[in-house]
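Number of protein chains: 2
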Amino acid sequence: MKAVLIYSGGLDSTTLLYEFRESIALAVSFDYGSKHNAREIEYARKNCARAGVRHLVIPLDFMGRYFRSDLLLSGGGIPEGAYDSENMSSTVVPFRNGIMLSIAAGLAESYGLDTIMMANHSGDHSIYPDCTPEFTQAFGKAVEYGTGKVGKPGSGVRLVSPYCNITKRQIALRGRDLGVDYSLTYSCYKGGEHHCGKCGTCVERKEALEGFDPTEYLF
Amino acid sequence: MKAVLIYSGGLDSTTLLYEFRESIALAVSFDYGSKHNAREIEYARKNCARAGVRHLVIPLDFMGRYFRSDLLLSGGGIPEGAYDSENMSSTVVPFRNGIMLSIAAGLAESYGLDTIMMANHSGDHSIYPDCTPEFTQAFGKAVEYGTGKVGKPGSGVRLVSPYCNITKRQIALRGRDLGVDYSLTYSCYKGGEHHCGKCGTCVERKEALEGFDPTEYLF
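Now the structure itself:
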């Protein structure tokens, strides 16, 4: 397996980067105009340098300009509360994973790599439609058919999503065992210098890292 | 149906624009660094103005920079000969339709539209994997699952591909009956001021428009 990872610089994809570092030829971060993009990407760079994985940052300015989501700088305030609750739905960025995976698939084929990877997990499923197992399976088929040679099954790019059916807590425990330094990851949707501790992703991060959390939270 | 069309400015998608103009709320062209992008987009603008359809042009600079294809300015020469022959495979742009459709899906959801459309046809199937019926069907499922509300079937965006199983000739005949002015469309992969008449898309265009072809070809 030679893979392209879509890599945010958050807890989940950083764990994946280290767990599969031998198979990851390229990590790609996307600058799509979210409030926390700049900080995430700073950590993504640091981890790729540490892991010895080539890193690309691709700007997607059109998303900040035309897409509607409170996660974007162009959107409204970030809601506080539990990550899986309905009020977090304003932070959905329409078809974000579809866009990032599609670009990763094109890069994989351009560089002769056979796999694309993403770090979606079971806690994402209730709010984010482009993180569900149904989406992941259907998109995987679309990529297999839409790459490689026509009529040659197996010649296309594969989608691998190793955390699709485990929780963020399970990912964090795996990362702890691997020695991942979670102080070099960023989650807060508000994008401040310190994690706010109140938004959905901060609440979720606290739960996942409980007992070994190196994060400085404001609250 | 309120749709976003991925719109190149070529023969097929221009026919689709006019045939479905009542349902198309937005046409999107992508400037991805191909040799013929600038000319295609010029015609796309003209047709959208004529048809009264809002038009966006989205630059995808990373494709010209990182993707490998002879269709790109960064690639090698454009092969001549029949459109469906193996030597045209160097003009495949990896997962281009996946990328364009994904962005269209995100735009559709951002603007409250329910459908994305593309003008792939049966003559595309033998060389371009992201034009086949298998790809189209799988990608349509991925978009339905990956947009809308989780667990609410039917709330996602639909993919409609009305020409998927007809030929370019059949599209052109349909356009002729609709009164489409094909002098305001561009096909040549070489991107010159006049259609070269020798590359795969020019050969295919000549066959499709035979008997009512307004195009000036060099050869």
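Residue numbers (the numbering used here), protein chains in the order written: chain A, -7 to 211; chain B, -7 to 211. Beta carbons: idealized from backbone N, C-alpha and C, even for Gly. Everything numeric in this text was worked out from a predicted model, so none of it was measured.
Validate contact between the stretch 29 to 49 of chain B and the stretch 32 to 48 of chain A using beta carbons, cut 8 Å, 3 pairs: Touching, no.
Since I believe residue -4 (chain A) is in contact with residue 18 (chain A) (beta carbons under 8 Å), could you give me their beta-carbon distance rounded to a whole number of angstroms? The residue labelled residue 18 (chain A) in the question sits at position 26 within the first sequence. The residue labelled residue -4 (chain A) in the question sits at position 4 within the first sequence. Residue 18 (chain A) to residue -4 (chain A), Cβ: 5 Å. Contact.
Give me the Cβ distance between residue 102 (chain A) and residue 59 (chain B), rounded to the nearest whole Å; I'm assuming they're in contact under 8 Å. By one-based count along the first sequence, residue 102 (chain A) stands at place 110. By one-based count along the second sequence, residue 59 (chain B) stands at place 67. The Cβ separation is near 5 Å, so the contact holds.
Can the beta-carbon of residue 87 (chain A) be found closer than 7 Å to that of residue 193 (chain B)? For the purposes of this step, residue 87 (chain A) is taken as the residue at position 95 of the first sequence. For the purposes of this step, residue 193 (chain B) is taken as the residue at position 201 of the second sequence. Not in contact: residue 87 (chain A) and residue 193 (chain B) (Cβ atoms no closer than 7 Å).
Does the beta carbon of residue 71 (chain A) come closer than 7 Å to any beta carbon on chain B? The count along the first sequence starts at 1 and reaches residue 71 (chain A) at position 79. Output row for residue 71 (chain A): interface = no.
Establish whether the CB of residue 137 (chain B) and some CB of chain A are separated by less than 7 Å. For the purposes of this step, residue 137 (chain B) is taken as residue 145 along the second sequence, with counting starting at 1. At least one chain A Cβ lies under 7 Å of residue 137 (chain B).
Go through the stretch 93 to 168 of chain B residue by residue and report every complete run of the alpha helix (DSSP H) that reaches 4 residues or more, in order. Correct list: 125 to 138.
Own chain, CB closer than 7 Å to residue 35 (chain A), minus 5 neighbours either side, in chain order: By 1-based counting over the first sequence, the position of residue 35 (chain A) is 43. Excluding residues within five positions, the ones whose Cβ falls inside 7 Å are 1, 176, 177, 178.
So what does residue -5 (chain B) bridge to, in DSSP terms? Counting from one through the second sequence, the residue named residue -5 (chain B) turns up at place 3. Partner(s): B:16, B:107.
Residue 101 (chain A) versus chain B: which residues are under 9 Å apart at the beta carbon? Indexing the first sequence from 1 puts residue 101 (chain A) at position 109. Those are 59, 60, 84, 86, 87, listed as they occur along chain B.
My understanding is that residue 119 (chain B) touches residue 62 (chain B), with C-beta atoms under 8 Å, so please give their C-beta distance in whole angstroms. Start at 1 with the first residue of the second sequence, and residue 119 (chain B) comes out as number 127. Start at 1 with the first residue of the second sequence, and residue 62 (chain B) comes out as number 70. Contact doesn't hold; Cβ gap of about 12 Å is too wide.
Restricting to Cα atoms, I'd like to know which of A:162, A:180, A:182 is closest to residue 201 (chain A). The sequence position of residue 201 (chain A) within the first sequence is 209, counting from 1. With distances taken between Cα atoms, residue 201 (chain A) lies closest to A:162.
Counting only C-beta atoms, is residue 133 (chain B) closer than 7 Å to chain A at any point? For the purposes of this step, residue 133 (chain B) is identified with residue 141 of the second sequence, where counting begins at 1. Yes, its Cβ sits closer than 7 Å to a Cβ of chain A.
Pick from A:182, A:127, A:122, A:54 that is closest to residue 22 (chain B), judged by C-alpha positions: Taking the second sequence and counting its residues from 1, the one referred to as residue 22 (chain B) is at position 30. For the residues A:182, A:127, A:122, A:54, the minimum Cα distance to residue 22 (chain B) belongs to A:54.
Report all residues from its chain with a CB closer than 7 Å to the CB of residue 180 (chain A); omit the five preceding and five following residues, and keep chain order. For the purposes of this step, residue 180 (chain A) is taken as the residue at position 188 of the first sequence. Excluding residues within five positions, the ones whose Cβ falls inside 7 Å are 28, 187, 188, 191, 193, 194.
Taking buried to mean at least 16 other C-beta atoms within 10 Å of its own C-beta, is residue 111 (chain A) buried or exposed? Here residue 111 (chain A) corresponds to residue number 119 of the first sequence, with the count starting at 1. Buried, because 16 or more other Cβ atoms sit within 10 Å of the Cβ of residue 111 (chain A).
Please report the Cβ distance between residue 231 (chain A) and residue 81 (chain A), rounded to the nearest whole angstrom; I am assuming they are in contact, meaning their Cβ atoms lie under 8 Å. With chain A running from -7 to 211 in the structure shown, residue 231 (chain A) is simply not present.
I'd like to know whether the C-beta of residue 45 (chain B) is nearer than 7 Å to at least one C-beta of chain A. Sequence index remark: in the second sequence, residue 45 (chain B) carries index 53 (1-based). Chain A, which has no Cβ nearer than 7 Å to the Cβ of residue 45 (chain B), makes this no.
Residue 151 (chain A) and residue 108 (chain A) closer than 7 Å at C-beta: Here residue 151 (chain A) corresponds to residue number 159 of the first sequence, with the count starting at 1. Here residue 108 (chain A) corresponds to residue number 116 of the first sequence, with the count starting at 1. The criterion of a C-beta distance shorter than 7 Å is satisfied by residue 151 (chain A) and residue 108 (chain A).
If contacts are defined as beta-carbon pairs under 8 Å, then residue 130 (chain A) and residue 97 (chain B) qualify, I think. What distance do you get, rounded to the angstrom? Locating residue 130 (chain A) in the first sequence gives position 138, counting from the first residue. Locating residue 97 (chain B) in the second sequence gives position 105, counting from the first residue. Not confirmed; about 13 Å, so no contact.
Are the CB atoms of residue 104 (chain A) and residue 160 (chain A) nearer to each other than 7 Å? In the first sequence, counting from the first residue as 1, residue 104 (chain A) sits at position 112. In the first sequence, counting from the first residue as 1, residue 160 (chain A) sits at position 168. No, the Cβ-Cβ distance between residue 104 (chain A) and residue 160 (chain A) is not below 7 Å.
is_contact[residue 196 (chain A), chain B] using C-beta, thresh 7 Å: Residue 196 (chain A) sits at position 204 when you count from the first residue of the first sequence. It does not; no Cβ of chain B falls within 7 Å.
Which bits of chain B does residue 142 (chain A) rub up against, with CB to CB less than 8 Å? Here residue 142 (chain A) refers to the residue found at position 150 when the first sequence is read from its first residue. Within 8 Å Cβ-Cβ: 117, 118, 119, 120, 121, 124.
Residue 94 (chain B) versus chain A: which residues are under 7 Å apart at the beta carbon? Translated into the one-based positions of the second sequence, residue 94 (chain B) becomes position 102. Chain A residues near residue 94 (chain B): 87, 90, 91, 94.
Listed by chain order, chain A residues near residue 98 (chain B) by CB distance under 8 Å: Indexing the second sequence from 1 puts residue 98 (chain B) at position 106. Under the 8 Å cutoff, chain A gives 55, 59, 85, 86, 87, 88, 90, 91.
Closer than 7 Å to chain A by CB, residue 22 (chain B): One-based indexing of the second sequence puts residue 22 (chain B) at position 30. No, because no Cβ of chain A sits closer than 7 Å to the Cβ of residue 22 (chain B).
Please identify, using Cβ separations under 8 Å, the residues of the stretch -6 to 12 of chain B that lie next to chain A, in order along the chain. Under the 8 Å Cβ criterion, the stretch -6 to 12 of chain B contributes no residue.
Beta-ladder partner(s) of residue 209 (chain A), from DSSP: Numbered from its first residue, the first sequence carries residue 209 (chain A) at position 217. As computed with DSSP, residue 209 (chain A) is found in a beta bridge with A:187.
Rounded to the nearest angstrom, what separates residue 71 (chain A) and residue 83 (chain A) at their Cα positions? Locating residue 71 (chain A) in the first sequence gives position 79, where the first residue counts as 1. Locating residue 83 (chain A) in the first sequence gives position 91, where the first residue counts as 1. About 8 Å.
Using a C-beta cutoff of 7 Å, does residue 130 (chain A) count as contacting chain B? Looking up residue 130 (chain A) in the first sequence gives position 138. Yes, residue 130 (chain A) counts as interfacial toward chain B.
Output the boundary residues of the beta strand (DSSP E) element that contains residue 48 (chain A). Translated into the one-based positions of the first sequence, residue 48 (chain A) becomes position 56. Its beta strand (DSSP E) spans residues 46 to 51.
Residues in the same chain with beta-carbon distance under 7 Å from residue 137 (chain B), minus the five sequence neighbours each way, listed in chain order, please. By one-based count along the second sequence, residue 137 (chain B) stands at place 145. Annotation for residue 137 (chain B): 148 place their beta carbon closer than 7 Å to its own, counting only its chain and skipping 5 residues before and after.
So which residues on chain B does residue 33 (chain A) lean against when the C-beta distance must stay under 7 Å? By one-based count along the first sequence, residue 33 (chain A) stands at place 41. Near residue 33 (chain A) there are no residues of chain B at all, since even the closest Cβ is about 15 Å away, more than 7 Å.
Tell whether a beta-carbon distance below 7 Å holds between residue 172 (chain A) and residue 7 (chain A). Taking the first sequence and counting its residues from 1, one reaches residue 172 (chain A) at position 180. Taking the first sequence and counting its residues from 1, one reaches residue 7 (chain A) at position 15. Cβ atoms of residue 172 (chain A) and residue 7 (chain A): closer than 7 Å.
Let's see if you can read the secondary structure: which residues bound the alpha helix (DSSP H) around residue 192 (chain A)? Against the first sequence, residue 192 (chain A) aligns to sequence position 200. Under the DSSP assignment, residue 192 (chain A) falls in the alpha helix (DSSP H) whose first and last residues are 192 to 201.
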